[in-house]
Amino acid sequence: MAHKTITISEEAYRELARMKRDNESFTEVILRITSRKGSAEALLRFLELSGRSEELARNVELVVERTRKARLHKMALS
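Below, the structure is given as structure tokens:
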């Protein structure tokens, strides 16, 4: 599997770290919170409504978009 490096704010990192389970990678956290249909939209809505920073919401949106593109790329290679 290819790896990509992304830049996120300290706040976004803390939120992901807070959601991270024992023995779970950050990739697994992102995939877990975005893998169910509608969950990415629900997460972004939650971030906006909960007063979380817009920067965090934008970073999550970027991760979701890149994950979708990676899945499409993987499907095209199969």
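This note's numbering numbers the first residue of the sequence shown as 840 and each following residue consecutively. All C-beta atoms, glycine included, are put in the ideal place defined by N, C-alpha and C. Bear in mind that the values here come from a model prediction, so they are computed numbers and not experimental data.
Asked                                                                                                            : Found
To the nearest angstrom, how far is the alpha carbon of residue 906 from that of residue 850?                    : 21 Å
Helix, strand or coil for residue 845, going by three-state DSSP, please let me know.                            : coil
In terms of residues, what are the limits of the alpha helix (DSSP H) holding residue 867?                       : 865-873
Look at the Cβ atom of residue 864, then the Cβ atom of residue 894, and state whether they are nearer than 8 Å. : no
Which of the three DSSP states is assigned to residue 905 in this structure?                                     : helix
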